[in-house]
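The block underneath contains the structure these notes are about, expressed in structure tokens.
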Amino acid sequence: MAEPDSEAAADAPLYLRVAAALREDLADRRISPGSRLPSERSLSQCYHVNRQTVRSALQLLRDERLVVTDRRGTFAAPAEAARTGGEPFVPVLTAGRPTFPGGPRAAEALVRASLVWEPPPAPLAPRLLLAPGEPTLVHRHTVLGPRGAALQRAVSWFSRPALAEIPQLSRYRRGRDCRQQPDLRLLYHWMHQAGLRITHRESVGVPPGPTTTTAGGAARLVVHRVVSDQHGHALEITDIDFSARSAAWTYEFSA
49 MAEPDSEAAA
59 DAPLYLRVAA
69 ALREDLADRR
79 ISPGSRLPSE
89 RSLSQCYHVN
99 RQTVRSALQL
109 LRDERLVVTD
119 RRGTFAAPAE
129 AARTGGEPFV
139 PVLTAGRPTF
149 PGGPRAAEAL
159 VRASLVWEPP
169 PAPLAPRLLL
179 APGEPTLVHR
189 HTVLGPRGAA
199 LQRAVSWFSR
209 PALAEIPQLS
219 RYRRGRDCRQ
229 QPDLRLLYHW
239 MHQAGLRITH
249 RESVGVPPGP
259 TTTTAGGAAR
269 LVVHRVVSDQ
279 HGHALEITDI
289 DFSARSAAWT
299 YEFSA
């Protein structure tokens, strides 16, 4: 089995490093599709971590639909369940674990993302527990079609509590590490690891005015998402605008 890349991910939590090693094994077919993974105990011994770390890593891989678990154990997803890189982008919202823009279903070659520090729109500042004009971390994310047309645009503003409570976000301080193509796909897992019990609320609608369709005639939809902690404090506010012809919005619920 692959070993976690400790040099490349020195700051990453252990469960992310274990998940990355298992993901590499799955991608390189060292664990063949449909085959059973080693037990949690065997994995914990292999990677020198405790079983809770292994459980967190396997949960991440389940969220990415790379493995499935039943009463017999955990198995690599069948080959036919894998999604190809050329398949159209389909964002998925899961009731228990929502997907941050740029999640595991986005084709990497078609994504453009950036992080900046700037003030949010004035009406959002109080909800983010920011003073008027106070800058915060802002994530912009665009999904492009094969010909370069924007299929989806998203902008996320982070609150003062989010930057204080989530170590992986707090490292993106002003002027430090705000690089192009930042990878925030694991944001909601970071929140979970920080001990935050999150709730998310999405409002889906049609934008007002004459710009309700794209230049190609496809309908536009907008999503306003607020992710809050167990105290009701907003952690992240995201606005997403996408072409309904090019992307579907799917809700999955589990009992």
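Its first residue numbered 49, the sequence shown is counted upward by one per residue in this note's numbering. Where a beta carbon is used, it is the ideal one built from N, C-alpha and C, also for glycine. Note that the structure is a prediction, hence the values are computed from the model and not measured.
| Check | Outcome |
| --- | --- |
| Just reading off the alpha helix (DSSP H) that S90 is part of, what are its end residues? | 88-95 |
| Within 10 angstroms of the Cβ of A67, are there 16 or more other Cβ atoms? Answer buried if so, exposed if not. | buried |
| Less than 9 Å between the beta carbons of A4 and R175, yes or no? | Outside the shown range of the chain (49 to 303) lies residue 4, about which nothing can therefore be said. |
| Assign R84 to one of three DSSP states: helix, strand, or coil. | strand |
| In the DSSP assignment, find the unbroken beta strand (DSSP E) run with S162 in it and report its ends. | 159-166 |
| Leaving out five residues before and five after F206 in sequence, what residues of the same chain have Cβ atoms less than 8 Å from its Cβ? | L176, T184, L185, V186, H187, L217, L283, E284 |
| To the nearest angstrom, how far is the alpha carbon of G133 from that of P171? | Low per-residue confidence applies at G133: pLDDT is 37, beneath 50, and the placement is therefore not dependable, though the value from the model is reported in the following sentence. Between G133 and P171, the C-alpha separation is close to 38 Å. |
| Identify, in the order they occur along the chain, each residue of the same chain with its Cβ nearer than 6 Å to the Cβ of E88, setting aside the five sequence neighbours on each side. | R99, V102 |
| What are the boundary residues of the alpha helix (DSSP H) that includes E72? | 62-75 |
| Assign R71 to buried or exposed, taking buried as 16 or more other Cβ atoms, counted over all protein chains shown, within 10 Å of its Cβ. | buried |
| Among L163, A105, D73, which one has its Cα closest to the Cα of V203? | L163 |
| Rounded to the nearest angstrom, what separates V191 and V159 at their Cα positions? | 5 Å |
| I need the DSSP call for S306, collapsed to helix, strand or coil. | This structure gives no information on residue 306, because the portion of the chain shown stretches from 49 to 303. |
| Rounded to whole angstroms, what's the CA-CA distance from P126 to R110? Just pull it up for me. | 13 Å |
| Contact defined as beta carbons within less than 8 Å: I believe L74 pairs with L114. What is the distance between those atoms, to the nearest angstrom? | 5 Å |
| Within a Cβ cutoff of 7 Å, which residues of the same chain sit near V97, ignoring the five residues on either side of it in sequence? | L62, V66 |
| What would DSSP say about R120, mapped onto helix, strand or coil? | coil |
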